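Participant: My questions will all concern the structure given below.
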Amino acid sequence: MLGVCYYPEQWPTSLWREDARRMKALGLTYVRIGEFAWSRFEPEPGVYDFAWFDEIIQILGEAGLKVVIGTPTATPPKWLIDRHPEILPVDPETGRVRGFGSRRHYDFSSPVYRRESDRITLALAERYGHNPYVAGWQTDNEISCHDTTLSASPAAKAGFQAWCAARYGDIDALNTAWGNVFWSMEYRSFDEIELPVDAVTETNPAHRMAYRRYSSDQVVAFHDAQVKILRAHSPGKFVTHNFIPMNETGVDNHALAADLDFAAYDNYPLGRTDLLMAGDGAEVFRPYMRTGHPDFGTFFFDQTRGLAPGAFWIMEQQPGPVNWANHNPRPAPGMVRLWTLEAFAHGAGVVSYFRWRQAPFAQEQMHAGLLRPDSSQAAAWPEIEAVVRDLAALDLDQYPTARAKVALMVDVQAQWLGEIERQGRSYDYTHILLDHYRALRALSLDVDFVPPEGDVSGYALVVIPALATPSARTIANLKASSALVVFGPRSGAKTDDVTLPEGLPPGALRELLPIRVLSVETLRPDCPDAMIWNGKTYPSATWREEIELAGEAEVAARYADGGAAIVRAGKAIYVASLSDRAFLTDFLESLCAEAGVATQRLDAKVRVRRRGDLTFAFNYNEEPVPAPAPAGAVFVLGGALIGPRDAAVWKAPA
Amino acid sequence: MLGVCYYPEQWPTSLWREDARRMKALGLTYVRIGEFAWSRFEPEPGVYDFAWFDEIIQILGEAGLKVVIGTPTATPPKWLIDRHPEILPVDPETGRVRGFGSRRHYDFSSPVYRRESDRITLALAERYGHNPYVAGWQTDNEISCHDTTLSASPAAKAGFQAWCAARYGDIDALNTAWGNVFWSMEYRSFDEIELPVDAVTETNPAHRMAYRRYSSDQVVAFHDAQVKILRAHSPGKFVTHNFIPMNETGVDNHALAADLDFAAYDNYPLGRTDLLMAGDGAEVFRPYMRTGHPDFGTFFFDQTRGLAPGAFWIMEQQPGPVNWANHNPRPAPGMVRLWTLEAFAHGAGVVSYFRWRQAPFAQEQMHAGLLRPDSSQAAAWPEIEAVVRDLAALDLDQYPTARAKVALMVDVQAQWLGEIERQGRSYDYTHILLDHYRALRALSLDVDFVPPEGDVSGYALVVIPALATPSARTIANLKASSALVVFGPRSGAKTDDVTLPEGLPPGALRELLPIRVLSVETLRPDCPDAMIWNGKTYPSATWREEIELAGEAEVAARYADGGAAIVRAGKAIYVASLSDRAFLTDFLESLCAEAGVATQRLDAKVRVRRRGDLTFAFNYNEEPVPAPAPAGAVFVLGGALIGPRDAAVWKAPA
Amino acid sequence: MLGVCYYPEQWPTSLWREDARRMKALGLTYVRIGEFAWSRFEPEPGVYDFAWFDEIIQILGEAGLKVVIGTPTATPPKWLIDRHPEILPVDPETGRVRGFGSRRHYDFSSPVYRRESDRITLALAERYGHNPYVAGWQTDNEISCHDTTLSASPAAKAGFQAWCAARYGDIDALNTAWGNVFWSMEYRSFDEIELPVDAVTETNPAHRMAYRRYSSDQVVAFHDAQVKILRAHSPGKFVTHNFIPMNETGVDNHALAADLDFAAYDNYPLGRTDLLMAGDGAEVFRPYMRTGHPDFGTFFFDQTRGLAPGAFWIMEQQPGPVNWANHNPRPAPGMVRLWTLEAFAHGAGVVSYFRWRQAPFAQEQMHAGLLRPDSSQAAAWPEIEAVVRDLAALDLDQYPTARAKVALMVDVQAQWLGEIERQGRSYDYTHILLDHYRALRALSLDVDFVPPEGDVSGYALVVIPALATPSARTIANLKASSALVVFGPRSGAKTDDVTLPEGLPPGALRELLPIRVLSVETLRPDCPDAMIWNGKTYPSATWREEIELAGEAEVAARYADGGAAIVRAGKAIYVASLSDRAFLTDFLESLCAEAGVATQRLDAKVRVRRRGDLTFAFNYNEEPVPAPAPAGAVFVLGGALIGPRDAAVWKAPA
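Protein chains in written order, with the working numbering: chain A, 48 to 701; chain B, 48 to 701; chain C, 48 to 701.
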């Protein structure tokens, strides 16, 4: 099903009824409204005005549309900030208060704002919790966007001290756990603890990790309070949240999504591609400039699907040029349809476009909508019409998403560790994760993302690019699994308090892999060393561990100097160095073969994805390509030759 | 005529009389003094000491020199700052107070400093307003240099709130005009308004534009107050100001210059070239390293000429290596003379060198003068002597500057819009304007700069690289003109409140051009698309608009995808995309031909300029070149072969 | 002799005795302890706990080891900061307080911290000053590391004002000396003086130089106070300090070391090479990635040797990968031994490894030690064993370091001047000094570093890359010397108050060289001009002076335009421009020939160094090379073919 984001408060009421009619006529089902409208819900302190909102819900509902209400907590109004300036966050890098004038100007640690957030959420939940036209709720908006998870406010400092007290009980335990004897960093009481900001040189990684976890916990607690209110006052309606790329939030997104019915993602392929490839030369970037890179969107679709049980939504789908990337091209013709179908192929339940009509004012006036500011149809309109026809042809409700054969473990602690303790400047957990994902996708594999303590049963192959601080539960899950499990370097690198584990890394992972990491070196990425696997030489760069066997294990690959580079014990494999995508593709292909998972090497701009009995294929090329379908495939959409920027869907031959 | 900048307070009085004698003997007419000397005019609060200044004026006057007094307001003394620290500006980027220790440490919004500025100006005007040796006044010095227009002080915030109240009358009007309903940015009263600084993410472009305009208005008001005092107390003397490159001030320079007799420019060709070409490789930069780029100086000469009615001055002319660029080469032999003659060719009335004698101390001790610190003649000295002879030969008073055939419209609002709403990171209004200028100059054209509401009558061609918010008066002027008018992309892009115009851009410009801009895309400059004009393919990059015809118009060029790229309706032409200088040269050449304006393609390092009946040609090459003169030309200076770094001046054959 | 850095407070007491036994068994002599342990020496304000320290000293001493105690002042404990937050320094760039959470969080100008530093030093000195196991003391740790010399605290401002008053006596003298009449920067009293921070644009170079000198003086005074206490309470024990690279401290290191018995250096060849070559491409960097560059370590060894009379120490020697460079490779096999022997070759008395056992917690958990965290031997262990054997074979006490034939003058004022008055962005004193050093080393020369007023008697060649503000004593020393003296450009550039000298540069140096510097130009390094010496053309770039002869002197080289580039008068030579290392090598080789100093051109990765009768050669290559030894050389270590990453030591044939 399709939806759209709508801001009735930005338009004359005279347009509302016609807008609703056109939405319905286009084939849309859902309309998200309300987020950002706090100054209209409560124009003066304590003075609510819901009449206009009652009216638009009525209009939309009567037109046959279902309403999703966003809580407006991303945009506290000026009067609230003026009454309680302590709501504002403080930038940990600069020490400056981050003020009013845009959005997200609030501190997750602020008790005042927590109370205010609950109050406005409750007011909305009480009024609309049982409204028949309301289908569900979106909490806040793109929580943690604009680097808002970390704050160095007095409230954050007080909260952090309390969090440390709760975790460690007494201050000596904290000093010991963090190793504060080093550099005389010992505290005598919890109220002596500083935030790890503004120090003369780097602070203790344990300190920084605690601050990261504390900050993530505040986001989750802030969010959970809204969910709880909505659950209590709007039973039977769904609650979701629209995520931005998971690596950009500084939050444990699995924890954040724990109480949601399903997760949603805001999908801007061109903006993301522009930013992710900003360092690439023109020849590398240009082929993706107006299509987006085929692995960047789905990388987040598959992560979003893994966050919560229900079929995920695309809450905001780019329909044309946006305004916030370095450069903002128009999508190539066909891409809005392609991106939409791709989301459904990866398991989306709903794709909702952002936004209905381009606003002629304020920060996003250069951001396209389905309509131009003058209400004429923008370029994406006919593509949405085509999607409506496609969806009718596909009848996707028949084809629920099945568990994949391959799981990719995503570990936010590994990301944080990589940021906190760089060791090698080019070590970047997100890119390492993405490289593994891209290698799997180039092999035509469906990929599920699982968190460290997630359920890994039923997978044939579990790929773990890095697992910073493996818990007992994680290890037990992996031991219980029948899958091949591949660990990348830096797995088991630390204890939960960010110290080296007893007996050297990989610490508790030795239950699976009897090895010891004797030392680590990091290399400039332009100065790789080498490793030899299966008779071929691959680069070994960026992060290289020196491994000692500490039990029954075989060496599957060696460095140029003869040291072990890949070690295997039973179904567990440890890759001690980072290499390149060519290696990952070859290596994972071989493991899939062993695990009985079929692979197929795809064209760089062709990707496939299965949903139930259907196989979707997407062609990002400017030329037609043959569908990578088996002989006798029955095409439900398209055919054996996939046009430029087009899709095909087939069933296996009967 | 020639002049020099002199700082008598920096030298023993014993040198003054001999200095005056040597200035006169060299052939100088004007001597600028006094700016920066506040601590000597008023060594203690309220205690004035003018005796030394009386004396030097007397000495200079008796030596036959004319004195220009600079008001010393760029350098308030320490005691004034200590008494009124609220004078200091606040950096909007960092929030830090910008303190004492250099110059320009004052906030244009400070009522205290406005009062103090008026007080010291009045004291000087009263004492010297009728002094027979005083020819005129310079206000302040390089106003807004060092990024001082914008300040985030409490005074600026209060002033901005009052400015908004004066402009919008009631707060709802402001909220509506800016679209503050977006993101709940609505204010309930003017005193709730913040400066657009320190927000979590980007602020409303309308908000930022208002802050820019407010800040520019404060500079103008500060300056106008000085002009008013000088006019009142020094009737018959000229008042001018020495501008730095107009794009660097954040000020509406036409408004600033409105009450001046003429404008002045501080010309440092090597420093400017070093900075403007800092991103260029050695092969591109090196040819200009010791000559400066031939289009960078005149770009500002021609703008300066357009600011005020009288013949402009070069108030400060580089005579040797300076101290403030990244690297500071020596001028190639002949260049000081060449630059001086070039200023006269472009209409200068006076060229004044900075400075008489190199100071052996403080910030500018590595900045050359006409004399070295030991009073010996520095390298430029014989070139000044040559200029004196050249001027005698030319007798320029006979040759007033005539209106050019081609006008280039410079729009400070377009510059500010480009900075506020980047949309594409590589969009840079100043470089776009400069590219148009360079194309015109490479065609040997004289160019006048006009502001948006300036007089365009009498031109054959009006080139408007971008016109952000066209006013009714601008449109009326253009409609009344018989010129061909070429608009670049982003013309008519916004209303005066920085919203998209009714009916889409170019809004009110549709009176001239019946088109609608349906969408905009921005591309990385290294990933251009293409457009075809006149059978040739040119790049279309950075900024590309999708155009729909909305009336009688012809499509003069198309994008590679067939869309309209250049549209023409009568004498109005709209170019919907940015291209390169090769395109601009070809295209403008063709329009000149149509408009009956003669063009001639010049060597990259040769430029010509007319003044009355005279044509000047300048050779920046290290080799001689033939003068681009018609057969039978009568040479007044030089001859048919122009030497390296030399000039020739001729009249057309009789 | 060898040593190690040990942190008993970080380990269970149960490990201490065994650690001591293993240290001794390995062949170590010295153990440094105590620095960073303030929170254990004084866990509560005024409550000392020395029992544990008594015990470990006893254990180490009884094991046959000698103890070096570090004063713990680099790490004031939290309770001290909380009681006296004014101890914290203020970052002059950002204005932010640099807080607790790492190390070096104190302001050298703080009277409170000076008192506290003296108090804890005294407590240690009183307790251990006569302890028989204590061999000596290390003051603080890596003083001024992490850019801590400069602070913009209120204490620094007050101190600076007093320092100015002491230097200039009355404020008019200061105003005149600095040229404060420029830009009305005049002060009326010393308490009006600001620190040269936060100004709108650049501040007076005299002001900045004074701030640099003041700040350096505070470091020295802070340090001298510790030395004085230690001398008074621990007679007969040595006092030293462990320096970081001398150019990184912002301190006059010769002044700092004035009262030390010997200086020590912390030697991290791979980290330094990673940072110093960060701008180099892979082909240039890669050969040194795991060996370090052969001239970067010794550049600092030779400087350290010149700081104080006794044989210098390496107080911290890298034994494996570190944690603080951009990338942190493992040393190539053999390099830990090679680096150690190289330090001895350059005159070291002791090399002490950092650290005994890798800590599993806190900031340096990824920094290798001699042992891994689990007490197993890390990679360097067998190389230390080999060094022990080497030292036994060499018996270095027989071979004291002799004065070299060539002196390189290192002038911290020239470095500061280059940073304060950039003039050309690519002018970098440290790289200029290093280039001269590298050229001399490539010629197989031993090099002594001398400060400007240092003793230059006995040298055959004195190389002075730049001498900013030559004193009468320096000039007298140079005149008295029989050496050839080569000055680089910018010598004699300024008076002591950072003004141009009377009669133009080189001012007082005209006693040696009758020339005048008429002007200076700076060029982009990629746009060099040329100079011709000895029939060959070399680049002349970055800094170029125009020279006039002012007496008896010959022109030894000319610029391409014919101007003098190298001038010579008797034994004094002035090189007026920067060139490249090829020029320096050719030119210095010719001067050595004249001065009777033997040279030999070496392979880029081979270096030699003499100690007494011994000649050491070090091969950084991955392949063997012939030892650059004379026929008949008697090898004490190694032989005529030096293996990869190996050394040879020989005596001349009898």
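Quick reminder that beta carbons are idealized off the backbone N, C-alpha and C, glycines included. In this text the structure is predicted, and so the values were computed from the model without any measurement.
Ignore the nearest five residues each way along the sequence and tell me which others in I291 of chain A's own chain have a CB closer than 7 Å to its CB.
Facilitator: Reading the first sequence from its first residue, position 244 is the one you call residue 291 of chain A. Excluding positions up to five away in sequence, the list reads E189, C192 and D313.
Participant: With 16 other CB atoms within 10 Å as the buried threshold, where does H254 of chain A fall?
Facilitator: For this step, residue 254 of chain A is matched to residue 207 along the first sequence. The residue in question, H254 of chain A, is buried, as its Cβ has 16 or more Cβ neighbours within 10 Å.
Participant: So with Cβ pairs under 8 Å, would you call Q57 of chain C a contact of chain A?
Facilitator: Working through the third sequence from its first residue, we reach residue 57 of chain C at position 10. For Q57 of chain C, the answer is yes, since a Cβ of chain A falls inside 8 Å of its Cβ.
Participant: What are the start and end residues of the alpha helix (DSSP H) that includes P498 of chain B?
Facilitator: Taking the second sequence and counting its residues from 1, one reaches residue 498 of chain B at position 451. Counting along the chain, P498 of chain B falls outside any alpha helix (DSSP H), and DSSP gives it neither H nor E.
Participant: As a quick exercise: from B:I103, B:R571 and B:P124, pick the residue whose alpha carbon is nearest that of P704 of chain B.
Facilitator: As shown, chain B starts at 48 and ends at 701. That puts residue 704 of chain B outside it, with no answer to give.
Participant: Can you give the Cα-Cα distance for F88 of chain A and S587 of chain A, rounded to whole angstroms?
Facilitator: Mapped onto the first sequence, residue 88 of chain A falls at position 41. Mapped onto the first sequence, residue 587 of chain A falls at position 540. Whole-angstrom Cα-Cα distance: 57 Å.
Participant: Please confirm whether L556 of chain A has its beta-carbon closer than 8 Å to some beta-carbon of chain C.
Facilitator: Position 509 of the first sequence, counted from the start, is the residue given in the question as residue 556 of chain A. Judged by the 8 Å Cβ criterion, L556 of chain A is not in contact with chain C.
Participant: Between which two residues does the alpha helix (DSSP H) holding Y160 of chain C run?
Facilitator: Along the third sequence, one-based indexing puts residue 160 of chain C at 113. Looking at the DSSP string, the run of the alpha helix (DSSP H) that includes Y160 of chain C is P158 to Y175.
Participant: Which residues, taken in chain order from the region 222-241 of chain B, show a beta carbon closer than 8 Å to some beta carbon of chain A?
Facilitator: W225, G226, N227, V228, F229, W230, S231, M232, E233, Y234, R235, E239 and E241
Participant: If you measure between the beta carbons of Y180 of chain C and G108 of chain C, is that distance less than 8 Å?
Facilitator: Working through the third sequence from its first residue, we reach residue 180 of chain C at position 133. Working through the third sequence from its first residue, we reach residue 108 of chain C at position 61. Taking 8 Å as the Cβ cut-off, Y180 of chain C and G108 of chain C qualify as a contacting pair.
Participant: With burial defined as no fewer than 16 other Cβ atoms inside 10 Å of the residue's Cβ, what is the status of G471 of chain B: buried or exposed?
Facilitator: The sequence position of residue 471 of chain B within the second sequence is 424, counting from 1. Under this definition G471 of chain B is a buried residue.
Participant: Are the beta-carbon atoms belonging to S566 of chain A and P553 of chain A less than 8 Å from one another?
Facilitator: Within the first sequence, numbered from 1, the residue matching residue 566 of chain A stands at position 519. Within the first sequence, numbered from 1, the residue matching residue 553 of chain A stands at position 506. Going by C-beta atoms, S566 of chain A is not nearer than 8 Å to P553 of chain A.
Participant: Using the C-alpha atoms, what's the distance from L525 of chain B back to V510 of chain B?
Facilitator: Working through the second sequence from its first residue, we reach residue 510 of chain B at position 463. Working through the second sequence from its first residue, we reach residue 525 of chain B at position 478. Going from the Cα of V510 of chain B to the Cα of L525 of chain B covers about 11 Å.
Participant: Evaluate E91 of chain A with the Cβ neighbour count: other Cβ atoms within 10 Å of its Cβ, from every protein chain shown; 16 or more gives buried, anything less gives exposed.
Facilitator: Here residue 91 of chain A refers to the residue found at position 44 of the first sequence. Classification for E91 of chain A: exposed.
Participant: Just by C-beta distance, which residues in the region 71-102 of chain A are closer than 8 Å to chain B?
Facilitator: F83, A84, W85, S86, R87, P90 and E91
Participant: Look up M382 of chain C in the DSSP assignment and say whether it is helix, strand or coil.
Facilitator: Indexing the third sequence from 1 puts residue 382 of chain C at position 335. In the displayed model, M382 of chain C falls within a helix according to three-state DSSP.
Participant: What residues of chain C sit near R384 of chain B, judged by a beta carbon separation below 7 Å?
Facilitator: The residue labelled residue 384 of chain B in the question sits at position 337 within the second sequence. Those do not exist, as R384 of chain B stays about 18 Å from chain C at its closest Cβ, beyond 7 Å.
Participant: For R605 of chain C, which of C:A619, C:E599 and C:Y585 has the nearest alpha-carbon?
Facilitator: Translated into positions along the third sequence, residue 605 of chain C becomes position 558. Among C:A619, C:E599 and C:Y585, the Cα nearest to that of R605 of chain C belongs to C:Y585.
Participant: By the criterion of Cβ-Cβ separation under 8 Å, what are the contact partners of A253 of chain A in chain C?
Facilitator: Translated into positions along the first sequence, residue 253 of chain A becomes position 206. Neighbours of A253 of chain A on chain C, chain order: F408 and A409.
Participant: Does DSSP classify K698 of chain C as helix, strand or coil?
Facilitator: Here the question's residue 698 of chain C lines up with position 651 in the third sequence. Correct three-state label for K698 of chain C: strand.
Participant: Just tell me which of C:G117, C:F347 and C:F207 has its CA closest to the CA of G176 of chain C.
Facilitator: As a first step, residue 176 of chain C must be located in the third sequence, where it is residue number 129. Per the Cα distances, C:G117.
Participant: What does P420 of chain C reach in chain A if we use C-beta pairs closer than 8 Å?
Facilitator: Position 373 of the third sequence, counted from the first residue, corresponds to residue 420 of chain C. Per Cβ cutoff of 8 Å: L547 and L551.
Participant: Evaluate the contact criterion for the region 146-160 of chain C versus the region 232-251 of chain C: three or more CB pairs, one atom per stretch, below 8 Å.
Facilitator: Short answer: they don't touch.
Participant: Identify the contact partners of T118 of chain B in chain A, using a Cβ-Cβ distance below 8 Å as the criterion.
Facilitator: As a position in the second sequence, residue 118 of chain B is number 71, starting the count at 1. None at all; the shortest Cβ gap to chain A is about 36 Å.
Participant: Mind checking which residues open and close the alpha helix (DSSP H) that includes M256 of chain C?
Facilitator: Along the third sequence, one-based indexing puts residue 256 of chain C at 209. Per DSSP, M256 of chain C belongs to the alpha helix (DSSP H) from P252 to H280.
Participant: How would you write the range of the beta strand (DSSP E) that P575 of chain A sits in, first residue to last?
Facilitator: Position 528 of the first sequence holds residue 575 of chain A. Here P575 of chain A belongs to no beta strand (DSSP E), and DSSP marks it neither H nor E.
Participant: Compute the distance between the beta-carbons of L508 of chain C and L638 of chain C, then report whether it is under 8 Å.
Facilitator: On the third sequence, residue 508 of chain C is found 461 positions in, with the first residue counted as 1. On the third sequence, residue 638 of chain C is found 591 positions in, with the first residue counted as 1. Yes, the pair counts as a contact, with Cβ atoms nearer than the cut-off.
Participant: I'd like the span of the alpha helix (DSSP H) that includes A603 of chain B, first residue to last.
Facilitator: Start at 1 with the first residue of the second sequence, and residue 603 of chain B comes out as number 556. Unbroken run through A603 of chain B is the beta strand (DSSP E), E601 to Y606; no alpha helix (DSSP H).
Participant: Residues of chain C with CB under 8 Å from G471 of chain A, in chain order?
Facilitator: If you number the first sequence from 1, residue 471 of chain A lands on position 424. What G471 of chain A touches in chain C: N373, H374 and N375.
Participant: List the endpoints of the continuous beta strand (DSSP E) containing K113 of chain B.
Facilitator: Indexing the second sequence from 1 puts residue 113 of chain B at position 66. Per DSSP, K113 of chain B belongs to the beta strand (DSSP E) from K113 to G117.
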